[in-house]
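Q: Just so we're aligned, residue 1 is where the sequence shown starts under full-length UniProt numbering, counting upward by one. Just passing along the structure, written as structure tokens.
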Amino acid sequence: MLQAKGYETKMYVMAVPKINSYLGIIERYETMYADDPMTARATPKQAHDIVVKNLPTNLETLHKTGLFSDIRLYNREGVKLYSSLETPSISPKETLEKELNRKVASKEIQPTLERIEQKMILNKHQETPEFKAIQQKLESLQPPTPPIPKTPKLPGI
């Protein structure tokens, strides 16, 4: 329809690991809540997980339609991961699945967890399951505390 009128249609998709995606919706909610609690919109984890699960197949379906002159996948740093112009015979599904399922290093996720924890404290959301899960994850990222050595007994004391 748009192509017949001389328009180009392109699709740009942000591809991030599942954990980063979920933390992103929590952080967005906490930021919105701080600005205006009445308009902040929370996304249940179940809804997030359904979308994430179906996204690669939906993207593949759209790729097969040929409606888009280019489909590109980028990560949050702006690095292009895929372009259908460069690899038209390859579906973006595999690239998206790879990024969604990529293991995230502790050092990559810790600053996000700490930011969200602070926002949740400011918003007084410490009693939520999300806050407790974030605290648990942060605690698991801390190096173990070495045991305190026993003080040797001195003779005569």
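For every residue, glycine included, the Cβ atom is placed at its ideal position computed from N, Cα and C.
Please list, in chain order, all residues of the same chain as F131 whose beta carbon is under 6 Å from its beta carbon, the five residues on each side excluded.
A: For the purposes of this step, residue 131 is taken as residue 131 along the sequence shown, with counting starting at 1. If we look at F131 and ignore the five residues flanking it on each side, its Cβ neighbours are M120 and H125.
Q: What separation, rounded to the nearest whole angstrom, lies between the Cα atoms of E127 and Q135?
A: Indexing the sequence shown from 1 puts residue 127 at position 127. Indexing the sequence shown from 1 puts residue 135 at position 135. Spanning the two alpha carbons is a distance of roughly 11 Å.
Q: As a quick exercise: from Q142, L96, S106 and A133, pick the residue whose alpha carbon is nearest that of H63.
A: The residue you call residue 63 lines up with position 63 of the sequence shown. The candidate whose alpha carbon is nearest that of H63 is L96.
Q: With H, G and I counted as helix, E and B as strand and the rest as coil, what does DSSP make of M11?
A: Position 11 of the sequence shown, counted from the start, is the residue given in the question as residue 11. Correct three-state label for M11: strand.
Q: Ignoring anything shorter than 3 residues, give me the beta strand (DSSP E) runs that lie fully in the region 61-117, in order along the chain.
A: Correct list: 70-74 and 80-83.
Q: Using 8 Å for Cβ pairs, my map puts V16 next to N75. What's the rounded Cβ distance?
A: On the sequence shown, residue 16 is found 16 positions in, with the first residue counted as 1. On the sequence shown, residue 75 is found 75 positions in, with the first residue counted as 1. At roughly 7 Å, the Cβ-Cβ gap stays under 8 Å, so V16 and N75 are in contact.
Q: Per DSSP, what kind of secondary structure is K53 in: helix, strand or coil?
A: The residue you call residue 53 lines up with position 53 of the sequence shown. K53: helix per DSSP, three-state reduction.
Q: For N123, which residues from the same chain have a beta carbon less than 7 Å from its beta carbon, with the 5 sequence-adjacent residues on both sides left out?
A: If you number the sequence shown from 1, residue 123 lands on position 123. Around N123: E30, Y33 and A34.
Q: To the nearest angstrom, report how far apart E117 and K5 are at their CA atoms.
A: Along the sequence shown, one-based indexing puts residue 117 at 117. Along the sequence shown, one-based indexing puts residue 5 at 5. Each residue's alpha carbon lies about 49 Å from the other.
Q: Straight-line CA distance for T9 to L85?
A: Locating residue 9 in the sequence shown gives position 9, where the first residue counts as 1. Locating residue 85 in the sequence shown gives position 85, where the first residue counts as 1. Cα-Cα distance, rounded: 12 Å.
Q: Just to confirm before moving on: does the CB-CB distance between E27 and R102 stay below 8 Å?
A: Along the sequence shown, read from residue 1 onward, the residue named residue 27 stands at position 27. Along the sequence shown, read from residue 1 onward, the residue named residue 102 stands at position 102. No. Outside cutoff.
Q: Could you give the distance in angstroms between the alpha-carbon of Q3 and the alpha-carbon of L138?
A: Walking along the sequence shown from the start, residue 3 turns up at place 3. Walking along the sequence shown from the start, residue 138 turns up at place 138. Cα to Cα, Q3 sits roughly 49 Å from L138.
Q: Could you spell out the range, first to last residue, of the alpha helix (DSSP H) harbouring I134?
A: Against the sequence shown, residue 134 aligns to sequence position 134. From DSSP, the alpha helix (DSSP H) with I134 extends over P129 to L141.
Q: With DSSP as the reference, label G24 as helix, strand or coil.
A: Residue 24 sits at position 24 when you count from the first residue of the sequence shown. Residue state, collapsed to three classes: helix.
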